[in-house]
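K.L.:
First, the structure itself, so that you have it in front of you.
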Amino acid sequence: MSDPPPTPLLTLRGIGKSFLGVRVLDDVDLDVAPGEVHAVVGENGAGKSTLMKIVSGGYAPDGGTVEFAGATRTFRGPRDAQRAGIGIIHQEFNLLPERTVAENVYLGHEPVRRGLVDRRGMVERTTRLLASIGETTLPADARVGQLGVAQQQVVEIAKALALDARLLIMDEPTAALADHEVELLYGLVRRLQERGIGLLYVSHRLAEVFDLSSRITVLKDGRRVTTVDTESTTADELVRHMVGRELSSYYPDRAAPEDRGPVRLNLRDAGNRKLRDVNLQLRAGEVLGIGGLQGSGRSALARAIFGVSPFTTGDVTLDDRPVRLRSPRTAMRAGIAYVTEDRKGEGIVPRQSVLDNALLASRAVFAARSGRPARTARVRELLAAVEIRGAGDDQEIRFLSGGNQQKVVLARWLALNPRILLFDEPTRGIDVGAKSAIHDLVRRLARDGAAVLMISSDLPELLGMSDRIVVMRDGHVAGELPAGATEEEVVALAVGTALETTA
Amino acid sequence: MQTVQPRSLPLRLPRVRPGGVLPILAILAVLLVLVGIRQPDFLAPQSLMSFLGRSAPIILLAAGQYFVIVSGEFDLSVGSLVTAQVVVAARLIDSDPARTWPVVLLLLAFGALVGLVNGLITTRLRVPSFITTLGMFLILVGAVYLWSDGAPKGGLSEEFRRFGRRAFEDVPLLGRVPYALLVLVVLAVAAVLLMRSDFGRTLVAVGDNPRTAELSGVRVWRTRTFAFILSGLAAAVAAILLGGYSGVSFQAGAGLEFGAITAVVLGGVALGGGRGAVVGAMLGALTLELLFALMNFYGVSGALRSTVQGGIILLAVAVSATRSSSR
Numbered sequence: 001m002s003d004p005p006p007t008p009l010l011t012l013r014g015i016g017k018s019f020l021g022v023r024v025l026d027d028v029d030l031d032v033a034p035g036e037v038h039a040v041v042g043e044n045g046a047g048k049s050t051l052m053k054i055v056s057g058g059y060a061p062d063g064g065t066v067e068f069a070g071a072t073r074t075f076r077g078p079r080d081a082q083r084a085g086i087g088i089i090h091q092e093f094n095l096l097p098e099r100t101v102a103e104n105v106y107l108g109h110e111p112v113r114r115g116l117v118d119r120r121g122m123v124e125r126t127t128r129l130l131a132s133i134g135e136t137t138l139p140a141d142a143r144v145g146q147l148g149v150a151q152q153q154v155v156e157i158a159k160a161l162a163l164d165a166r167l168l169i170m171d172e173p174t175a176a177l178a179d180h181e182v183e184l185l186y187g188l189v190r191r192l193q194e195r196g197i198g199l200l201y202v203s204h205r206l207a208e209v210f211d212l213s214s215r216i217t218v219l220k221d222g223r224r225v226t227t228v229d230t231e232s233t234t235a236d237e238l239v240r241h242m243v244g245r246e247l248s249s250y251y252p253d254r255a256a257p258e259d260r261g262p263v264r265l266n267l268r269d270a271g272n273r274k275l276r277d278v279n280l281q282l283r284a285g286e287v288l289g290i291g292g293l294q295g296s297g298r299s300a301l302a303r304a305i306f307g308v309s310p311f312t313t314g315d316v317t318l319d320d321r322p323v324r325l326r327s328p329r330t331a332m333r334a335g336i337a338y339v340t341e342d343r344k345g346e347g348i349v350p351r352q353s354v355l356d357n358a359l360l361a362s363r364a365v366f367a368a369r370s371g372r373p374a375r376t377a378r379v380r381e382l383l384a385a386v387e388i389r390g391a392g393d394d395q396e397i398r399f400l401s402g403g404n405q406q407k408v409v410l411a412r413w414l415a416l417n418p419r420i421l422l423f424d425e426p427t428r429g430i431d432v433g434a435k436s437a438i439h440d441l442v443r444r445l446a447r448d449g450a451a452v453l454m455i456s457s458d459l460p461e462l463l464g465m466s467d468r469i470v471v472m473r474d475g476h477v478a479g480e481l482p483a484g485a486t487e488e489e490v491v492a493l494a495v496g497t498a499l500e501t502t503a
Numbered sequence: 001m002q003t004v005q006p007r008s009l010p011l012r013l014p015r016v017r018p019g020g021v022l023p024i025l026a027i028l029a030v031l032l033v034l035v036g037i038r039q040p041d042f043l044a045p046q047s048l049m050s051f052l053g054r055s056a057p058i059i060l061l062a063a064g065q066y067f068v069i070v071s072g073e074f075d076l077s078v079g080s081l082v083t084a085q086v087v088v089a090a091r092l093i094d095s096d097p098a099r100t101w102p103v104v105l106l107l108l109a110f111g112a113l114v115g116l117v118n119g120l121i122t123t124r125l126r127v128p129s130f131i132t133t134l135g136m137f138l139i140l141v142g143a144v145y146l147w148s149d150g151a152p153k154g155g156l157s158e159e160f161r162r163f164g165r166r167a168f169e170d171v172p173l174l175g176r177v178p179y180a181l182l183v184l185v186v187l188a189v190a191a192v193l194l195m196r197s198d199f200g201r202t203l204v205a206v207g208d209n210p211r212t213a214e215l216s217g218v219r220v221w222r223t224r225t226f227a228f229i230l231s232g233l234a235a236a237v238a239a240i241l242l243g244g245y246s247g248v249s250f251q252a253g254a255g256l257e258f259g260a261i262t263a264v265v266l267g268g269v270a271l272g273g274g275r276g277a278v279v280g281a282m283l284g285a286l287t288l289e290l291l292f293a294l295m296n297f298y299g300v301s302g303a304l305r306s307t308v309q310g311g312i313i314l315l316a317v318a319v320s321a322t323r324s325s326s327r
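As given, the protein sequences belong to chains A and B, one line each in that order.
full-length UniProt numbering puts the first residue of the first sequence at 1, with every later residue one more than the last.
full-length UniProt numbering puts the first residue of the second sequence at 1, with every later residue one more than the last.
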């Protein structure tokens with residue numbers, strides 16, 4: 001543990017917060033010096049987001065003190081914190097796409113001349129502001145909707161700076177960025193540092209944390225595990241602090257060739273509005289990985305099999321019998337389960353209990369054959385088996401972390417004993433610990449004879465989990481790769497040779 | 001009114017589970033105390049039983065409205081449906097006792113049919129339920145006028161009217177127990193059991209997030225349509241009780257849809273669906289009726305009823321909105 005710098009910009013002491021009796025933060029201390037990048041890491045559900053919301057005025061803490069720029073503060077809301085000089089850059093941007101960069105930067109506090117908005121002054125000031133953080137190529141009068149993600153992020157940062165932010169919170173700032181854009185963000189962060197701005201940097205990606213921060217605070221289950229100097233620690237040590245164990249073998253063993261059973265699901269020239277001529281076989285006992293870019297038809301494939309937007313052409317056979325999967329209900333009756341990528345939008349019923357969420361599919365489609373109490377007991381066992389931490393079965397699911405919510409969704413499907421499981425980004429937005437728990441579970445299901453199709457944008461995950469990889473491009477199958485393929489091979493298939501010829 | 005509002009404020013303070021029945025129970029208790037102070041006789045078994053019997057129709061309508069609201073929709077047609085039912089019953093029975101039971105069954109079928117049409121138009125034709133049921137409201141009003149040439153015809157049989165009027169006499173401890181109260185208790189228990197069943201839990205899930213429900217195999221359109229049918233059935237039963245109690249007129253069901261919606265909201269059920277208990281909705285209706293009784297005891301003009309209802313709707317929705325968005 002290092003000596004805290006002489007004059008901290010932000011000092012948190014003993015911060016605590018509960019939601020409906022569940023303690024999500026307990027006695028957390030943290031400080032940030034001017035010009036320091038202080039990283040906060042931890043699994044999802046460790047309390048990072050809640051802590052950031054407390055600093056930025058989104059939540060009021062139940063206990064402890066927030067000291068900022070030498071005075072104890074009680075923020076009555078995000079605006080209050082903004083006025084004090086604390087800005088937050090969320091993962092999802094808060095910009096008006098139809099307005100210009102300058103209009104967004106000065107939204108709500110436009111410079112005024114003779115009672116009217118001084119447009120020219122606003123553009124000039126924005127240009128100067130952007131230049132001060134080294135951004136000279138971004139026109140202040142460009143429409144925000146036309147900008148790329150990285151540039152929109154710059155606009156967000158400029159917006160905070162226009163409000164004289166002295167502390168900036170960045171929540172997973174690279175989540176939406178492409179690799180080359182990350183470098184730009186690094187430069188930006190360093191220039192902010194030079195201006196004496198303190199940064200709280202929340203990220204899952206340890207590489208970034210090591211590149212940027214001078215100190216790292218690890219949260220686990222709402223408590224601060226430790227704060228370390230970045231120079232004196234290693235990634236392994238951090239991961240140990242985060243999960244309380246070594247993550248030596250990241251992915252479970254693949255299926256042995258003799259474990260692969262007969263073809264369960266066979267698609268022949270199947271297609272619909274988003275897919276064409278898809279030929280694909282899914283075998284019992286295997287994990288078939290589906291790679292490809294966003295919009296390449298990966299999700300459309302899963303949704304077609306599950307009957308959400310069914311195939312309109314081609315043939316589908318299930319265990320050698322032709323089937324027509326017209327709706328989720330028919331797919332479920334055929335033994336298919338689908339874990340959506342949009343957990344919040346279509347994976348959970350947020351205000352219902354964990355138990356009600358886990359029972360949803362069983363209640364909707366299958367009458368309780370062995371009686372309702374027996375079914376409920378079985379689902380409770382499943383919930384215990386997937387290890388949902390920090391919540392009872394009667395807790396509303398929206399108060400759980402992403403990883404725990406996903407486990408509840410899994411329990412919902414496992415209750416149906418599915419023989420074919422379609423996973424769409426099963427570990428997106430999920431912490432390291434829950435991630436490997438889900439990986440283990442997926443492999444266990446395959447080993448027990450289920451046929452698993454897994455879509456993932458996370459290449460290490462795709463390569464580590466799959467027994468075979470099918471890569472999609474423009475709504476059809478671009479190619480298939482065996483286990484042990486490289487990231488480069490997947491990417492080459494996903495972008496296709498078209499890129500090489502046009503470039 | 002001045003005495004009620006400051007008292008109802010503390011319900012915001014304790015940390016209670018959103019959608020629970022504790023706040024409405026607290027309000028009800030406060031109102032009972034106020035009534036007890038002003039009019040102790042009211043709390044005697046005799047008058048309390050008759051009050052509960054009188055309140056049965058609106059409580060049943062609140063339960064019916066609850067099913068629709070918790071699934072994420074609205075039913076504005078119940079008031080005019082009650083009127084239509086009463087007028088139709090009078091004309092078809094035409095004071096002939098022998099026709100009582102067939103007409104009762106017909107009314108139930110009529111209520112279910114109106115609910116079915118509301119549900120199908122809302123779910124299959126994707127007309128917002130606010131508009132669907134407003135349309136149904138107007139259609140029923142016009143149709144009833146047309147069918148009866150502007151004045152209710154015929155009359156209800158004594159047989160028919162007994163449901164809303166008569167009571168079990170000389171019950172030990174309670175005295176006179178209205179039939180209506182018995183009907184209410186039976187149906188209230190049925191409603192509670194229904195909400196504990198798979199259908200009930202699924203109904204709330206549909207109101208909470210219909211897309212998740214659909215992807216979990218729920219036939220969202222069927223579930224919601226069934227909620228509308230339940231509301232229509234509740235209106236039929238309410239009409240039978242109301243017709244018996246207060247007789248036949250074009251005003252029989254006037255304003256009941258808003259009374260029911262107010263009661264549901266007061267009972268802690270979220271507009272837009274997904275949260276709240278059917279018991280809360282029914283207690284909300286009881287509370288509303290008690291409030292009106294109290295206003296009466298304090299000599300407040302009955303003309304203020306709708307103003308009070310409007311105020312309650314705004315206040316209750318505002319409280320629940322700030323609570324659900326609060327930290």
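C-beta: ideal position from N, C-alpha, C; glycine also.
If you're wondering where the values come from, they're calculated on a predicted model, not measured in any experiment.
1. With DSSP as the reference, identify every bridge partner of H90(A), one or two as the case may be.
2. Throw me the rounded Cβ distance for the R224(B) and V206(B) pair, which I believe falls under 8 Å.
3. The alpha helix (DSSP H) spanning D356(A) covers which residue range?
4. Taking a Cβ distance cut-off of 8 Å, strictly less, list which residues of the region 330–354 of chain A are near chain B, in chain order.
5. Quick check: the Cα distance between R327(B) and F68(A), rounded to an integer number of angstroms?
6. Once the 5 residues before and after T202(B) are set aside, which same chain residues still bring their CB inside 8 Å of it?
7. Unbroken alpha helix (DSSP H) runs of length 4 or more, entirely within the region 163–243 of chain A: which are they?
8. With DSSP as the reference, please indicate the residues paired to T11(A) in a beta bridge.
9. For a contact meaning CB atoms closer than 9 Å, what does L360(A) contact in chain B?
10. Between T126(A) and V112(A), is the Cβ-Cβ spacing less than 8 Å?
11. Within a Cβ cutoff of 6 Å, which residues of the same chain sit near A112(B), ignoring the five residues on either side of it in sequence?
12. Comparing the C-beta of R124(B) with each C-beta of chain A, is any distance below 8 Å?
13. At 3 residues or longer, and completely inside the region 170–251 of chain B: list those beta strand (DSSP E) runs for me, N to C.
14. So with CB distances below 8 Å, who are the chain A contacts of R224(B)?
15. At what residues does the alpha helix (DSSP H) containing G314(A) begin and finish?
16. Starting from the C-beta of G347(A), find all residues in its chain whose C-beta is less than 6 Å away, skip the five residues before and the five after it, and write them out in chain order.
17. Please name the residue in V317(B), G280(B), I240(B) and R305(B) whose C-alpha comes closest to that of T83(B).
18. I'd like to know whether the C-beta of G164(B) is nearer than 8 Å to at least one C-beta of chain C.
19. For the candidate residues D474(A), G475(A), H476(A) and L462(A), whose alpha-carbon lies nearest to that of E489(A)?
20. Span of the beta strand (DSSP E) holding D424(A)?
21. Is there a Cβ from chain A that is less than 8 Å from the Cβ of D208(B)?
22. Can you name the start and end residues of the alpha helix (DSSP H) that E346(A) belongs to?
23. Could you give the distance in angstroms between the alpha-carbon of S249(A) and the alpha-carbon of V24(A)?
24. So D356(A) contacts chain B; which residues on that side make the cut at Cβ distance below 7 Å?
25. To which residues does DSSP link residue 504(A) through a beta bridge?
26. Under 8 Å between the Cβ atoms of L288(A) and L30(A)?
27. Starting from H439(A) and walking both ways along the beta strand (DSSP E), at which residues does that stretch end?
28. Please confirm whether R215(A) has its beta-carbon closer than 8 Å to some beta-carbon of chain B.
29. Beta-carbon separation of V40(A) and T312(A) under 8 Å?
30. Out of A415(A), I397(A), R79(A) and E124(A), point me to the one whose CA is closest to S56(A)'s CA.
31. Measuring CB to CB, does R447(A) end up less than 8 Å from D319(A)?
32. DSSP three-state label for D96(B), please.
33. Just how far apart, CA to CA, sit R211(B) and G345(A)?
34. Quick check: the Cα distance between A285(B) and G302(B), rounded to an integer number of angstroms?
35. Once you ignore the five residues that flank E246(A) on each side, which residues in its own chain have a CB closer than 8 Å to its CB?
36. Contact between the region 299–314 of chain A and the region 427–435 of chain A: three or more CB pairs below 8 Å?
P.N.:
Quick answer:
1. Taking the first residue of the first sequence as position 1, residue 90(A) is located at position 90. DSSP output for H90(A) lists no bridge partner at all.
2. Your numbering for residue 224(B) matches position 224 in the second sequence. Your numbering for residue 206(B) matches position 206 in the second sequence. Sure, about 6 Å apart at Cβ, within 8 Å.
3. Numbered from 1 along the first sequence, position 356 holds the residue referred to as residue 356(A). Residues V354 to V365.
4. Correct list: M332, Y338, T340, G345, E346, G347, I348, V349, P350, R351 and Q352.
5. The residue you call residue 327(B) lines up with position 327 of the second sequence. The residue you call residue 68(A) lines up with position 68 of the first sequence. With a pLDDT of only 36 at R327(B), under the threshold of 50, the placement of this residue in the model should not be trusted, and no figure is reported.
6. On the second sequence, position 202 is the one that residue 202(B) refers to. Once the five neighbours on either side are set aside, the close Cβ partners of T202(B) are A213, V218 and T223.
7. Counting only runs of 4 or more, we get 179–194, 206–212 and 235–243.
8. Here the question's residue 11(A) lines up with position 11 in the first sequence. As a beta-bridge residue in DSSP terms, T11(A) pairs with D31(A) and E67(A).
9. As a first step, residue 360(A) is located in the first sequence; it is residue number 360 there, counting from the start. Near L360(A) (Cβ distances below 9 Å), the residues of chain B are R201, T202, A205, T212, A213, S216, G217 and V218.
10. Translated into positions along the first sequence, residue 126(A) becomes position 126. Translated into positions along the first sequence, residue 112(A) becomes position 112. In this structure, V112(A) does not lie closer than 8 Å to T126(A) by Cβ.
11. Here residue 112(B) refers to the residue found at position 112 when the second sequence is read from its first residue. Excluding sequence neighbours, A112(B) sits near I229, G232 and L233.
12. Here residue 124(B) refers to the residue found at position 124 of the second sequence. Not one chain A Cβ lies under 8 Å of R124(B).
13. Segments of the beta strand (DSSP E) lying fully in the region 170–251 of chain B: 175–178.
14. Within the second sequence, the letter at position 224 stands for residue 224(B). Within chain A, no residue has its CB atom less than 8 Å from the CB of R224(B), the nearest being about 14 Å off.
15. Taking the first sequence and counting its residues from 1, the one referred to as residue 314(A) is at position 314. Following the DSSP letters along the chain, one finds G314(A) in no alpha helix (DSSP H) but inside the beta strand (DSSP E) bounded by residues T313 to L318.
16. Counting from one through the first sequence, the residue named residue 347(A) turns up at place 347. The answer, listed in chain order, is T340 and V409.
17. One-based indexing of the second sequence puts residue 83(B) at position 83. Minimum Cα distance to T83(B) is reached at I240(B).
18. Among the protein chains of the structure shown, namely A and B, there is no chain C.
19. By 1-based counting over the first sequence, the position of residue 489(A) is 489. Ranking the options by Cα distance to E489(A), first place goes to L462(A).
20. Walking along the first sequence from the start, residue 424(A) turns up at place 424. D424(A): member of the beta strand (DSSP E) spanning I420 to D424, first to last residue.
21. Translated into the one-based positions of the second sequence, residue 208(B) becomes position 208. Any Cβ of chain A closer than 8 Å to the Cβ of D208(B) would place that residue at the interface, and such an atom is present.
22. The residue you call residue 346(A) lines up with position 346 of the first sequence. No alpha helix (DSSP H) contains E346(A), which DSSP labels as neither H nor E.
23. The count along the first sequence starts at 1 and reaches residue 249(A) at position 249. The count along the first sequence starts at 1 and reaches residue 24(A) at position 24. Low confidence applies here, because S249(A) scores a pLDDT of 47, under 50, leaving its location unreliable and the question unanswered by this model.
24. Stepping through the first sequence from its first residue, residue 356(A) is reached at position 356. Under the 7 Å cutoff, chain B gives R201 and A205.
25. Here chain A covers residues 1 to 503 and nothing more, so residue 504(A) does not appear.
26. By one-based count along the first sequence, residue 288(A) stands at place 288. By one-based count along the first sequence, residue 30(A) stands at place 30. Taking 8 Å as the Cβ cut-off, L288(A) and L30(A) do not qualify as a contacting pair.
27. Here residue 439(A) refers to the residue found at position 439 when the first sequence is read from its first residue. Element bounds for H439(A): not the beta strand (DSSP E) but the alpha helix (DSSP H), V432 to R447.
28. Translated into the one-based positions of the first sequence, residue 215(A) becomes position 215. Residue-level contact check: R215(A) does not touch chain B, since none of the beta carbons of chain B fall below 8 Å from its beta carbon.
29. As a position in the first sequence, residue 40(A) is number 40, starting the count at 1. As a position in the first sequence, residue 312(A) is number 312, starting the count at 1. In this structure, V40(A) sits away from T312(A), with a CB-CB distance that is not shorter than 8 Å.
30. Counting from 1 along the first sequence, the entry for residue 56(A) is found at position 56. Looking from the CA of S56(A), the closest CA among A415(A), I397(A), R79(A) and E124(A) belongs to R79(A).
31. The sequence position of residue 447(A) within the first sequence is 447, counting from 1. The sequence position of residue 319(A) within the first sequence is 319, counting from 1. Against a cut-off of 8 Å, the Cβ pair of D319(A) and R447(A) comes out as no contact.
32. As a position in the second sequence, residue 96(B) is number 96, starting the count at 1. Secondary structure at D96(B): coil, using DSSP grouped into helix, strand and coil.
33. To locate residue 211(B), count along the second sequence from 1; it is residue 211. To locate residue 345(A), count along the first sequence from 1; it is residue 345. Straight through space, the alpha carbons of G345(A) and R211(B) are spaced by roughly 7 Å.
34. Here residue 285(B) refers to the residue found at position 285 when the second sequence is read from its first residue. Here residue 302(B) refers to the residue found at position 302 when the second sequence is read from its first residue. Computed Cα separation, rounded: 17 Å.
35. Here the question's residue 246(A) lines up with position 246 in the first sequence. Low confidence applies here, because E246(A) scores a pLDDT of 44, under 50, leaving its location unreliable; read the following figure in that light. The answer, listed in chain order, is D236, V239 and R240.
36. At 8 Å Cβ cutoff, the stretches do not touch.
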